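A.B. asks: Please see the structure below; I have some questions.
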Amino acid sequence: MHRSKPPSLDRLRWFVAVAEAGGFTLAADRLATGKTQLSHHVARLERELGGALFTRTTRRVELTDAGRRLYDTIAPLLRDLDGALGGVDEAASQPSGTLRITAPTDYAASVVGPALAAFQRAHPRLVVELVASDDVLDLVGERIDLAVRFGWLRDSSMRAVRLGEFAQWVVGSPAYFAEAGTPRRPNQLAAHRWIALRLLRSPLTWRFAKAGGRSATVRVRATAQANSPQALLGLLRGGGGVSVITDFATESDVAAGTLQRVLADWQLPSGGIHLVYPATRQPPAKVRHFIDFFRDHVAR
Numbered sequence: 094m095h096r097s098k099p100p101s102l103d104r105l106r107w108f109v110a111v112a113e114a115g116g117f118t119l120a121a122d123r124l125a126t127g128k129t130q131l132s133h134h135v136a137r138l139e140r141e142l143g144g145a146l147f148t149r150t151t152r153r154v155e156l157t158d159a160g161r162r163l164y165d166t167i168a169p170l171l172r173d174l175d176g177a178l179g180g181v182d183e184a185a186s187q188p189s190g191t192l193r194i195t196a197p198t199d200y201a202a203s204v205v206g207p208a209l210a211a212f213q214r215a216h217p218r219l220v221v222e223l224v225a226s227d228d229v230l231d232l233v234g235e236r237i238d239l240a241v242r243f244g245w246l247r248d249s250s251m252r253a254v255r256l257g258e259f260a261q262w263v264v265g266s267p268a269y270f271a272e273a274g275t276p277r278r279p280n281q282l283a284a285h286r287w288i289a290l291r292l293l294r295s296p297l298t299w300r301f302a303k304a305g306g307r308s309a310t311v312r313v314r315a316t317a318q319a320n321s322p323q324a325l326l327g328l329l330r331g332g333g334g335v336s337v338i339t340d341f342a343t344e345s346d347v348a349a350g351t352l353q354r355v356l357a358d359w360q361l362p363s364g365g366i367h368l369v370y371p372a373t374r375q376p377p378a379k380v381r382h383f384i385d386f387f388r389d390h391v392a393r
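Counting from 94, one number per residue, gives the positions in the sequence shown under the working numbering.
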């Protein structure tokens, strides 16, 4: 089909918004426009392109094969364009719009939340949204600007800024160790009640190292499970057993005596703390400014 001119950039943006929202109602809310107007413009785009982009049902909207191909091509280009426009006159630009960040629930509450509140006070034109989740969310599909990720990154389609490292500690309550005994060597953990954190890929196999080149691999048996660090902490504080948890999640409990760290002379592998964002050529000012701010915040 011959087209005298390319489709409107705005209509392409609206198409991407509907695809990412999974429907017209949510997309209209995100764009602060009417659902009828949005549907009209998407229908006009379909006429201009000569084919259906969505399959519409009473429950949801799905991309057609042609719609998926268009989305996969156009969405990254629009993000790059937005980033490039946001970088124009950088010296005068200030963070504005909505900054949407996701982080694991414990880190969101203890670290990201206070930092984000301070950042917003410094930039009152900015609206912030903190999504606390222990799931690895789809940043593009969920319209998330930044994610805090722990451990070892595997998604090469994202850019990452390394913020630091976290350590892993073996902990339990003093009451539990008074009853079950305090492990002095890693292999003794196999005889203890183990609380497994289901978020981990290998929650029952642990590799320890010690100065001098000594190492030990321990396989434990779970007598309880938790699906979040907060739930794990609750079981540990209640004397439910022993487990491994990050230093930042438990150091206040250890300092207060609520939990007790054991095997401190043995080290578990440390992991990286990263800020991750979609690989646009030029991230917007709100993202760049928060990365700099948060890097300084966690370094203090």
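Idealized CB from N, CA, C, for every residue including glycine.
The structure displayed is predicted, hence computed values, not measured ones.
Please report the residue range of the alpha helix (DSSP H) in which glutamine 323 lies.
C.D. replies: 322 to 330
A.B. asks: How many angstroms separate the CA atom of leucine 368 from the CA atom of aspartate 175?
C.D. replies: Roughly 20 Å between the two C-alpha positions.
A.B. asks: Would you report the Cα separation of alanine 185 and aspartate 389, rounded to the nearest angstrom?
C.D. replies: Unreliable positioning characterises alanine 185 in this predicted model, as indicated by a pLDDT of 45, which lies under 50. The coordinate reading is nonetheless provided below. The straight-line gap from Cα to Cα measures roughly 22 Å.
A.B. asks: Return the Cβ separation of tryptophan 299 and valine 335 in integer angstroms, given the expectation that the two are a contact with Cβ distance under 8 Å.
C.D. replies: Contact flag wrong, Cβ pair sits at about 11 Å.
A.B. asks: Hey, how far is the Cα of glycine 160 from the Cα of glutamate 141?
C.D. replies: 13 Å
A.B. asks: What's the gap between the Cα of proline 169 and the Cα of valine 233?
C.D. replies: 9 Å
A.B. asks: What three-state label does DSSP hand glutamate 272 in the structure shown?
C.D. replies: Here glutamate 272 sits in helix by DSSP.
A.B. asks: According to DSSP, is leucine 361 helix, strand or coil?
C.D. replies: coil
A.B. asks: Within the continuous alpha helix (DSSP H) that includes arginine 123, where are the two ends?
C.D. replies: 117 to 124
A.B. asks: Glutamate 258 lies in the beta strand (DSSP E); which residues open and close that run?
C.D. replies: 251 to 259
A.B. asks: To which residues of the same chain is arginine 218 closer than 6 Å at the C-beta, ignoring the five residues directly before and after it?
C.D. replies: Its chain contains Ser189 as the residues whose beta carbon lies nearer than 6 Å to that of arginine 218, once the 5 sequence neighbours on both sides are disregarded; these appear in chain order.
A.B. asks: Starting from the C-beta of arginine 330, find all residues in its chain whose C-beta is less than 8 Å away, skip the five residues before and the five after it, and write them out in chain order.
C.D. replies: Ser266, Asp346, Thr351, Leu352
A.B. asks: Within 10 Å of its beta-carbon, does proline 276 have 16 or more other beta-carbons around it, so buried, or fewer, so exposed?
C.D. replies: It counts as buried.
A.B. asks: Alpha carbon to alpha carbon, how far is threonine 150 from glycine 115?
C.D. replies: 12 Å
A.B. asks: Of all the options Phe341, Val154, Pro279, which has the alpha carbon lying nearest to the alpha carbon of phenylalanine 259?
C.D. replies: Phe341
A.B. asks: With distance defined between alpha-carbon atoms, name the residue in Phe108, Gly364, Asp199 nearest to valine 154.
C.D. replies: Phe108
A.B. asks: Please return the same chain residues whose Cβ sits closer than 6 Å to the Cβ of alanine 177, not counting the five positions on each side in sequence.
C.D. replies: Gln375
A.B. asks: What are the boundary residues of the beta strand (DSSP E) that serine 345 is part of?
C.D. replies: It is not in any beta strand (DSSP E) - serine 345 instead sits in the alpha helix (DSSP H) that spans 340 to 349.
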